[in-house]
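Protein chains in written order, with our numbering: chain P, 1 to 209; chain C, 210 to 418; chain G, 419 to 627; chain Z, 628 to 836.
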């Protein structure tokens, strides 16, 4: 049994290392920004340590934290945004991976929306999200004003989630994107779809303004 | 004879796998979108199964369907758009490959044209299409409003094709591009030329608006 | 002596094959567009045959033509634009390589200038051209209206060259870029600098219009 | 002791070679532009020789210069901008690496600011700079008018540095970016963050103008 858990952790770590390389190749986590996590059980998850380039993660760059985001058996420092990962695992019990990227287009959207929501309409790629099967329903992604006070920010996100029926992702203004999924493939699909939609939306705005 | 057919199928599958990797490297099928097919004979064609990333296709991700797009000897589910591939093979008897991509610029064009046509003029690269030998003749690509009702959409495309003398490609608004060719090289050349022309056209619109 | 010539040709062919792969990686010759040549002697040069992707050239895709651009000892068909390469070798005796690319930004410039010239000012990278050692002198690149009549087009370029003191490159509207150099490194540097300057100029126009 | 110094130099050279390849892959030093240096001791530093592509540096392309930028024991010619590297090592005693890149977005910014400063506000990525821990403090990067007179330009930069409390980077208009750091990782992080911020700022300007 213990062996199985160990094997699982190794696989999860490899998933995050591979995802980091893919994200870095797409320039979605420049300059050591962003963070990636994977659920272990109801009481713990794995998360990238602070300040590492996502393109060259090693197993040592992944640490275990408890459900509240506190380090477990390690002197390593987790990413500042660990609290938001913790919140997401609590609010979305099916979530097994949470990825926070930091792209050009995720950043640009907050030049026009510092706090509010971005609404995607009529894009076939909205269907990339689990549970969405038509382009005819709007996909709404909330945007929260960036803050260095992660407790207050997590509280704001939590309150927002109380007010909506579903949520696939959210954006911190001038900062980046959070999304999650029940498998590593699904979570990567969500990231890829959101980055595509954000690029389309920015380029639409330029054309139509 | 049977052996030869088997060998052919292996080569066709490899063509689609290689094309998928090339398309993925260009970000033209993000988040498992798009689909690729290859003609087998008047009664069957190969097509990518639903929901697979185009950058990592394996032979198992390619299934056989009949001329109407129904699965042959397999419980696998074909892509939703199989009906459009079926239509193209029926309308263009010389077509041996059909590629449906889902790019940023193919999507953006429908922000200004939801239904109608995009006309390319004065681009030397219009000559990339079989049968076109000058930039002086306009290249017209019809744009159809996107729909989740593939039967209705196929009917609309079919009716349009009755009304034009030639057609090299068409676009589904907010969704993507379909093109075809008599060899895998020609079909890839068509995709590459169209993506180039769409990017030029978007960037021209920004400059000239 | 004959052996030396043979070795030279092999090296020149390898230069063009390597350059083709580099150009293709930058998407500067999409859909088999563009052509590359290398001077052999006053009476002959090597040039890419028509219709091959520049990313996967083989020695067989390079043919010998005479100074007027006619095939030498081969049934292969040279690129349509061979006449312009021929003209460049005649007008610029120091030229050893001529590259014709077909990029997004080279094409876009002709959306605002169909015939005339593009003038680059105040870019440090103007110094990438042999003989230019300050950003304070304008770099002028003539733009000629595209034509399928290569004889007439070559005549127009020739007449223009009579009227200017120096010329580092020229553009065919809606089509692409020609530049040349005395070594393969210098010619690649010219291509890279021009593509950079064209991208800057397009993006400047968007900002300043 | 002598052996240790030799080993250090080999490692520093490898750092610059690797950084050059990374920069070239990002198209931040096109057409042999830009230069990279590494501090040896208070009296000497290593710098790239003039006119080499940054993607294919060899140890021979790195030369030693004294603190004033004059070649040490070598007939090689240093880059024209060596004087600015020299100035940076003198003004910022903690600097161990100085990178000068030459990107599209670094160039574009001077289309609107030829001389003055660019101010980044509300970007989380401002925190990529050593000593900055919030997006709420503006990051100011001075822009100096480009000049071929490096002595005058260095004097202008020096005078500016007397007038400010801190400086993380500066830009030469129409030319490129200089930044520095105490490790190779930190200096690369600064380059990556600045290129990201410059791209965001250009794309914000397009949207908001």
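Glycine included, each C-beta is placed from N, C-alpha and C at the ideal position.
With residue 660 of chain Z as the anchor, note down where its alpha helix (DSSP H) starts and where it stops.
-> Here the question's residue 660 of chain Z lines up with position 33 in the fourth chain. Taken as a continuous stretch (DSSP letters only), residue 660 of chain Z belongs to no alpha helix (DSSP H), as it is neither H nor E.
Where DSSP assigns a beta bridge to residue 257 of chain C, which residues make up the other side?
-> Sequence index remark: in the second chain, residue 257 of chain C carries index 48 (1-based). DSSP output for residue 257 of chain C lists C:271 as bridge partner(s).
For the alpha helix (DSSP H) that contains residue 294 of chain C, what are its first and last residues?
-> Residue numbering aside, residue 294 of chain C sits at position 85 when the second chain is read from its first letter. Taken as a continuous stretch (DSSP letters only), the alpha helix (DSSP H) holding residue 294 of chain C covers 291-300.
Neighbour-count burial assignment, residue 662 of chain Z, 16 or more Cβ in a 10 Å radius = Within the fourth chain, the letter at position 35 stands for residue 662 of chain Z. Residue 662 of chain Z comes out buried.
Using a threshold of 8 Å, state whether the C-beta atoms of residue 714 of chain Z and residue 643 of chain Z are closer than that.
-> To locate residue 714 of chain Z, count along the fourth chain from 1; it is residue 87. To locate residue 643 of chain Z, count along the fourth chain from 1; it is residue 16. In this structure, residue 643 of chain Z does not lie closer than 8 Å to residue 714 of chain Z by Cβ.
Cβ of residue 630 of chain Z within 8 Å of any chain G Cβ = As a first step, residue 630 of chain Z must be located in the fourth chain, where it is residue number 3. Residue placement at residue 630 of chain Z cannot be trusted, given a pLDDT of 44 that sits under 50; the coordinates are not used to answer.
Go to residue 745 of chain Z, then tell me how far its beta strand (DSSP E) extends in each direction, as first and last residue.
-> Stepping through the fourth chain from its first residue, residue 745 of chain Z is reached at position 118. Residue 745 of chain Z -> beta strand (DSSP E) spans 743-747.
Residues near residue 818 of chain Z by beta carbon distance below 8 Å, same chain, minus five either side | Along the fourth chain, read from residue 1 onward, the residue named residue 818 of chain Z stands at position 191. Excluding sequence neighbours, residue 818 of chain Z sits near 650, 655, 726, 728, 804 and 806.
Residues bridged to residue 732 of chain Z by DSSP?
-> Here residue 732 of chain Z is taken as the residue at index 105 of the fourth chain, counted from 1. According to DSSP, residue pairing for residue 732 of chain Z in a beta bridge does not occur.
Taking the DSSP output, what are the residues bridged to residue 560 of chain G?
-> What you label residue 560 of chain G is simply residue 142 of the third chain in a count that begins at 1. Paired residue(s): G:535.
Which class does residue 577 of chain Z belong to by DSSP, given the choice of helix, strand or coil?
-> Because residue 577 of chain Z is not part of the residues shown, which for chain Z are 628 to 836, the question remains open.
List the residues of chain G whose Cβ lies closer than 7 Å to the Cβ of residue 409 of chain C, in chain order.
-> Residue numbering aside, residue 409 of chain C sits at position 200 when the second chain is read from its first letter. Within chain G, the residues placing a beta-carbon under 7 Å from that of residue 409 of chain C are 522, 525 and 526, ordered along the chain.
Using Cβ-Cβ distances below 8 Å, what residues of the segment 324-346 of chain C are close to chain G?
-> Residues passing the 8 Å Cβ filter: 331, 332, 333, 334, 337, 342, 343, 344 and 345.
Under the three-state DSSP convention, the category residue 778 of chain Z falls into = In the fourth chain, the residue the question calls residue 778 of chain Z occupies position 151. Secondary structure at residue 778 of chain Z: helix, using DSSP grouped into helix, strand and coil.
Helix, strand or coil: which one does DSSP assign to residue 97 of chain P?
-> On the first chain, position 97 is the one that residue 97 of chain P refers to. Of the three classes helix, strand and coil, the one that applies to residue 97 of chain P here is strand, per DSSP.
So residue 770 of chain Z and residue 731 of chain Z are in contact, right, with Cβ under 8 Å, and what is the actual spacing, rounded?
-> What you label residue 770 of chain Z is simply residue 143 of the fourth chain in a count that begins at 1. What you label residue 731 of chain Z is simply residue 104 of the fourth chain in a count that begins at 1. About 16 Å separates the two Cβ atoms, so there is no contact after all.
With 8 Å as the threshold, decide whether the Cβ of residue 111 of chain P is near any Cβ in chain Z.
-> Within the first chain, residue 111 of chain P is the residue found at index 111, counting from 1. Interface residue, yes.
For residue 332 of chain C, which three-state DSSP category applies?
-> In the second chain, residue 332 of chain C corresponds to position 123, counting from 1. Three-state DSSP puts residue 332 of chain C in coil, outside helix and strand.
Rounded straight-line distance, which links the Cα of residue 350 of chain C to that of residue 246 of chain C = For the purposes of this step, residue 246 of chain C is taken as residue 37 along the second chain, with counting starting at 1. For the purposes of this step, residue 350 of chain C is taken as residue 141 along the second chain, with counting starting at 1. For residue 246 of chain C and residue 350 of chain C, the distance between alpha carbons rounds to 21 Å.
Work out the CA separation of residue 117 of chain P and residue 160 of chain P for me, nearest whole Å.
-> To locate residue 160 of chain P, count along the first chain from 1; it is residue 160. To locate residue 117 of chain P, count along the first chain from 1; it is residue 117. Going from the Cα of residue 160 of chain P to the Cα of residue 117 of chain P covers about 11 Å.
Identify, in the order they occur along the chain, each residue of the same chain with its Cβ nearer than 8 Å to the Cβ of residue 367 of chain C, setting aside the five sequence neighbours on each side.
-> Residue numbering aside, residue 367 of chain C sits at position 158 when the second chain is read from its first letter. Annotation for residue 367 of chain C: 296 and 300 place their beta carbon closer than 8 Å to its own, counting only its chain and skipping 5 residues before and after.
Sequence-distant residues of the same chain with beta carbon closer than 8 Å to residue 197 of chain P, five excluded per side | Counting from one through the first chain, the residue named residue 197 of chain P turns up at place 197. Contacts found: 120, 123, 125, 126 and 139.
Among all the DSSP beta bridges, which residues are the ones paired with residue 806 of chain Z?
-> Within the fourth chain, the letter at position 179 stands for residue 806 of chain Z. Per DSSP, Z:726 and Z:796.
Would residue 208 of chain P be called buried (16 or more neighbouring beta carbons within 10 Å of its own) or exposed?
-> Residue mapping note: residue 208 of chain P aligns to position 208 of the first chain, counting from 1. The Cβ neighbour count for residue 208 of chain P, taken over all protein chains shown within 10 Å, is under 16; the residue is labelled exposed.
If you measure from the beta carbon of residue 474 of chain G to each beta carbon in chain Z, is any gap under 8 Å?
-> Here the question's residue 474 of chain G lines up with position 56 in the third chain. It does not; no Cβ of chain Z falls within 8 Å.
What's the C-alpha gap between residue 4 of chain P and residue 813 of chain Z?
-> By one-based count along the first chain, residue 4 of chain P stands at place 4. By one-based count along the fourth chain, residue 813 of chain Z stands at place 186. Because the pLDDT at residue 4 of chain P is just 47, under 50, the model does not fix this residue reliably, and the point stays unresolved.
Drop a sphere of 10 angstroms on the beta-carbon of residue 564 of chain G, count the other beta-carbons inside from all chains shown, and report buried for 16 or more, exposed for fewer.
-> Here residue 564 of chain G is taken as the residue at index 146 of the third chain, counted from 1. When all chains shown are included, residue 564 of chain G counts as buried.
Measure how close the beta-carbons of residue 572 of chain G and residue 501 of chain G come, nearest whole angstrom, since I'm counting them as under 8 Å.
-> By 1-based counting over the third chain, the position of residue 572 of chain G is 154. By 1-based counting over the third chain, the position of residue 501 of chain G is 83. Going by Cβ atoms, the distance from residue 572 of chain G to residue 501 of chain G rounds to 5 Å, so yes, they are a contact pair.
Cross-strand partners of residue 698 of chain Z (DSSP beta bridge) | As a working note, residue 698 of chain Z is residue 71 in the fourth chain. The partner list for residue 698 of chain Z (beta bridge, DSSP) reads Z:692.
Could you check if residue 377 of chain C is buried or exposed, using at least 16 other CB atoms within 10 Å of its CB as the buried criterion?
-> In the second chain, counting from the first residue as 1, residue 377 of chain C sits at position 168. Looking at its Cβ environment, which holds 16 or more other Cβ atoms inside 10 Å, residue 377 of chain C is buried.
Report the partner residues of residue 22 of chain P according to the DSSP bridge assignment.
-> Residue numbering aside, residue 22 of chain P sits at position 22 when the first chain is read from its first letter. DSSP, once it has assigned bridges, lists no residue as partnering residue 22 of chain P.
CB-CB under 7 Å to residue 280 of chain P, same chain, minus the five flanking residues each way: which ones, in chain order?
-> Residue 280 of chain P lies beyond the range of chain P shown here (1 to 209); nothing can be said about it.
Does any CB atom of chain C fall closer than 8 Å to the CB of residue 587 of chain G?
-> Along the third chain, read from residue 1 onward, the residue named residue 587 of chain G stands at position 169. Not an interface residue.
Could you list which residues in chain Z have their beta carbon closer than 7 Å to that of residue 611 of chain G, in chain order?
-> By 1-based counting over the third chain, the position of residue 611 of chain G is 193. What residue 611 of chain G touches in chain Z: 657 and 658.
Any idea if residue 742 of chain Z is buried or exposed, counting beta-carbon neighbours within 10 angstroms, 16 or more meaning buried?
-> Taking the first residue of the fourth chain as position 1, residue 742 of chain Z is located at position 115. With fewer than 16 other beta carbons inside 10 angstroms of its own, residue 742 of chain Z counts as exposed.
Cβ pair residue 833 of chain Z, residue 12 of chain P closer than 8 Å = Indexing the fourth chain from 1 puts residue 833 of chain Z at position 206. Indexing the first chain from 1 puts residue 12 of chain P at position 12. No.
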